[in-house]
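Enquirer: First residue of the sequence shown? That's 50 in the working numbering, and the numbers climb one at a time after it.
For every residue, glycine included, the Cβ atom is placed at its ideal position computed from N, Cα and C.
Take a look at this one; I'll ask things after.
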Amino acid sequence: MGQIIVLDQNMVNMIAAGEVIERPASVVKELMENSIDAGATRITVSIEDGGRKLISVADNGGGMDGADLAAAFEPHATSKIKTSSDLKGIATLGFRGEALASIASVGQVRAVSRTESNTGGNCIEIDCGNKGSVSPCSADVGTTIQVRDLFYKLPARRKFLKTANTEMGHITERFARTALANRDLDMTLTSNGRAVYRLVSGQSLRQRIAELFSSEISENLLDVESSERGVHIYALLGRPVISRTSSKFQYIFLNGRFIRDKFVSHAIKEAYRGILEPDRFGVVFLFIQMPYEDYDVNVHPTKIEVRFYNANLVHSQILGCLREKLLGTNLDIDAQLPATAGAKGVQTDTAAARERSQKIADAMAEFFKKHRPIQTQQQFGPASKRAFGAASSTRAQTTERQAGITIPAFGAGEKKFLQIHDSFIVAQTDDGFVIIDQHALHERVIYEDLCRRIGESKLESQKLLIPESFEVTDGEADALQTKGELIEKLGIELVPFGPKTMAIQAFPTLLSKVAPLDFVRDLLDLLADKDLSVDTEKLLDEVLNMAACKAAIKAGQKLTTSEIEKLLADKEESEYSSRCPHGRPTTIKFSITDLEKQFKRT
Ligand SMILES: Nc1ncnc2c1ncn2[C@@H]1O[C@H](COP(=O)(O)OP(=O)(O)O)[C@@H](O)[C@H]1O
Ligand SMILES: [Mg+2]
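Okay, here's the thing in structure tokens:
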């Protein structure tokens, strides 16, 4: 009895600050959002010591008069909503009326503001919740809020702050998010007096991305746009070459607000399925526009999460439009030759990688030099003739011997190719040549074939001359029974063959190169690994992946000319040949232009 007290307002604010203001970057985010809500066209963010010493955000927005300036730092003070009905369609970034009160409860704040209609400005100071009075001062139209010594009265929280560099990294990230969503803003970020970013208004999204991240990223993005049932989507999708190990480079904006959302993330992941290895993440800049009434932002103190009222619609539209774009695009990888591998942050930009690229380029040039006479004039344009002029046949022969190259005889008019190291196929294209991983490509071709056929009906199978029997545990027998439909769809016929023994009677024709028993054993392992309630479609996909991998030509397998021709023809036919089903690339492109640059021909 008598132990409960009502906390004083400053305590309440400090507790709210614990949710809203995690670190200097949160202050920067909240202040920038206020500037945008105030209609600013210019925002300048100045940071000292990673935000520990100073965070200052200055804008040229609508400003506040003296009375509003005094009220703005009160808890639950906002000009953005008035009644509960306003919560149903929030068009501003802020609405909780918590940020300024929270910030002012955990640091030393000085705010200066002036509205258009006033000739002079006003200022106010608040020191960890102790508010001074408003006094007049000279000011330009707009608002500047400075926060010094964040958390100085809260040693535990101050200690929690990381190094200035780390905190600056978080601030830069928040700045970048705001800059991506607001390209009509002039935005500057300085750290210890040095400009980090100076972004001018009206830049294209790609220009902003190039400035904020790298030109390597901005140059490897695909545009996609779609509008359906009131939901508009615009996205720049990263090609697989720039994929990441985390989802950090997935920027999702909902009506200009940066959000994290599990439905959207899932749709992105699915869109890249089979295009990226499962542990990689596509770089995505996604802008969703939809009526404010169709989602709730009042679910998270930092407003980073929202609740879509029709999450399925959002999910399916994003998935559909992204996937269609990714599948409809040739995603062959451009070879990173030294001259083109200079972009910031490119992993290959190392001496070793340069040397490797140079070696490949040398070997290829030698090959084309040697085989130039076989090419017809029409297929080899004038630029290429220049590039592969004088041949040094002795060196070319040495290369050939060392590499163990087999050169199939190709005649005029046929596709130009050769197999190297019994593993890769080098083939000429209109503007250069490609190197193909024979196993990866064949795996993709078979996988697509399997998917197509199984989509239509079950796989065609043939009876085995002598049924192959194998032992099963009770668990395996159960699994076989539960997944009977799947096994039947695959065209595998299994019959009981004595106690704890089964026999394979029929096996899919398409997998004729695969040993039935091996396959069924691996299939059983796969089924045993899985929870049997797992989505059948996913499981089928895994089984098809496995089947394709087993049935595909192996690395190290010598191919005949007609086998190579078949594979290259299949590549043309294949809907999506740039990646194997596991997401690894099947093909790497080299352009003649790059080679010419390497050989200083241009
Ligand atoms: N930069 C600014 N320019 C003009 N008015 C501002 C600015 N920052 C804050 N305000 C005013 O102060 C109020 C309180 O801000 P805040 O605590 O962030 O709450 P919210 O943004 O949720 O309304 C805002 O509603 C707005 O009226
Ligand atoms: Mg706000």
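1. How many Å lie between Cys177 and Ala65 at the Cα?
2. Drop a sphere of 10 angstroms on the beta-carbon of His491, count the other beta-carbons inside from all chains shown, and report buried for 16 or more, exposed for fewer.
3. Between Gly143 and ligand 2, is the CB less than 8 Å from at least one heavy atom?
4. Considering only the alpha carbon of each residue, which of Ala148, Pro340, Leu380, Asn241 lies closest to Gly323?
5. For Glu497, is the classification buried or exposed, using 16 other Cβ atoms within 10 angstroms of its Cβ as the cut-off for buried?
6. How close, in whole Å, do the beta carbons of Asp235 and Thr141 come, if the pair is a contact with beta carbons under 8 Å?
7. Does Gln52 pass the burial test, meaning 16 or more other C-beta atoms within 10 Å, or should it be called exposed?
8. Give the DSSP-derived three-state secondary structure of His219 in the structure shown.
9. For Thr636, collect the residues of the same chain with a Cβ closer than 8 Å to its Cβ; drop the 5 residues on either side in sequence, then sort them by chain order.
10. Distance check for Gly524 and Tyr283, CA to CA, integer angstroms please.
11. Any contact between the stretch 119 to 128 and the stretch 146 to 166? By contact I mean 3 or more CB pairs, one from each, below 8 Å.
12. Looking only at its chain, what residues have a beta carbon closer than 6 Å to the beta carbon of Val346, apart from the 5 residues adjacent to it on each side?
13. Tell me the DSSP secondary structure of Gln554 in three-state form.
14. To the nearest angstrom, how far is it from the Cα of His281 to the Cα of Val158?
15. Should Met113 go down as buried or exposed, given a rule of 16 or more other Cβ atoms within 10 Å for buried?
16. So Phe302 and Ala230 are supposed to be a Cβ contact under 8 Å. How far apart are they, rounded?
17. To the nearest angstrom, how far is it from the Cα of Gly453 to the Cα of Ala476?
18. Can Ser592 and Leu559 be called in contact, C-beta distance under 9 Å?
19. Could you tell me the distance, in whole angstroms, from the CA atom of Leu56 to the CA atom of Arg255?
20. Measuring only from the beta carbon, is Ala150 closer than 8 Å to any heavy atom that is part of ligand 1?
21. Closest by CA to Gln647, which one among Asp479, Ala384, Ala604?
22. Where Arg309 and Thr610 are concerned, what is the direct C-alpha to C-alpha distance, given to the nearest angstrom?
23. Can you give the Cα-Cα distance for Glu326 and Cys598, rounded to whole angstroms?
24. Taking 8 Å as the limit between beta carbons, can you name the residues of its chain near Ile258, skipping five residues before and five after?
Expert: According to the structure shown:
1. Residue numbering aside, residue 177 sits at position 128 when the sequence shown is read from its first letter. Residue numbering aside, residue 65 sits at position 16 when the sequence shown is read from its first letter. When rounded, the distance between both Cα atoms is 13 Å.
2. Here residue 491 refers to the residue found at position 442 when the sequence shown is read from its first residue. It counts as buried.
3. What you label residue 143 is simply residue 94 of the sequence shown in a count that begins at 1. At least one heavy atom of ligand 2 is nearer than 8 Å to the Cβ of Gly143, so yes.
4. In the sequence shown, counting from the first residue as 1, residue 323 sits at position 274. Selected option, being the one with the closest Cα: Leu380.
5. Residue numbering aside, residue 497 sits at position 448 when the sequence shown is read from its first letter. Buried, since its Cβ has 16 or more Cβ neighbours within 10 Å.
6. Taking the first residue of the sequence shown as 1, we reach residue 235 at position 186. Taking the first residue of the sequence shown as 1, we reach residue 141 at position 92. Between Thr141 and Asp235 the Cβ distance is about 21 Å, and since that is not below 8 Å, they are no contact.
7. Working through the sequence shown from its first residue, we reach residue 52 at position 3. Classification for Gln52: exposed.
8. For the purposes of this step, residue 219 is taken as the residue at position 170 of the sequence shown. It is helical.
9. As a working note, residue 636 is residue 587 in the sequence shown. Within the same chain, Thr636 has close Cβ partners Asp381, Ile382, Val483, Ile484, Ile485, Asp486, Leu490, Lys620, Ser626, Ser627.
10. Position 234 of the sequence shown, counted from the first residue, corresponds to residue 283. Position 475 of the sequence shown, counted from the first residue, corresponds to residue 524. Taking the straight line from one Cα to the other gives about 49 Å.
11. yes
12. To locate residue 346, count along the sequence shown from 1; it is residue 297. Cβ neighbours of Val346 beyond the five flanking positions: Ile139, Lys352, Val355.
13. Walking along the sequence shown from the start, residue 554 turns up at place 505. Gln554: strand per DSSP, three-state reduction.
14. One-based indexing of the sequence shown puts residue 281 at position 232. One-based indexing of the sequence shown puts residue 158 at position 109. Going from the Cα of His281 to the Cα of Val158 covers about 40 Å.
15. The count along the sequence shown starts at 1 and reaches residue 113 at position 64. It counts as buried.
16. By 1-based counting over the sequence shown, the position of residue 302 is 253. By 1-based counting over the sequence shown, the position of residue 230 is 181. Right, the Cβ-Cβ distance comes to about 5 Å (below 8 Å), so this counts as a contact.
17. Stepping through the sequence shown from its first residue, residue 453 is reached at position 404. Stepping through the sequence shown from its first residue, residue 476 is reached at position 427. Its pLDDT being 34, under 50, Gly453 is placed unreliably by the model, and nothing is read from it.
18. Walking along the sequence shown from the start, residue 592 turns up at place 543. Walking along the sequence shown from the start, residue 559 turns up at place 510. It is Val, not Ser, that sits at residue 592 in the sequence shown. The answer is no: Cβ separation not under 9 Å.
19. Working through the sequence shown from its first residue, we reach residue 56 at position 7. Working through the sequence shown from its first residue, we reach residue 255 at position 206. C-alpha separation (whole angstroms): 49 Å.
20. The sequence position of residue 150 within the sequence shown is 101, counting from 1. Yes, the beta carbon of Ala150 sits closer than 8 Å to at least one heavy atom of ligand 1.
21. Taking the sequence shown and counting its residues from 1, one reaches residue 647 at position 598. Per the Cα distances, Ala384.
22. Indexing the sequence shown from 1 puts residue 309 at position 260. Indexing the sequence shown from 1 puts residue 610 at position 561. When rounded, the distance between both Cα atoms is 51 Å.
23. By 1-based counting over the sequence shown, the position of residue 326 is 277. By 1-based counting over the sequence shown, the position of residue 598 is 549. Their backbone Cα atoms lie some 15 Å apart in a straight line.
24. Position 209 of the sequence shown holds residue 258. Once the five neighbours on either side are set aside, the close Cβ partners of Ile258 are Leu229, Ile266, Ser267, Leu270, Leu285, Phe334.
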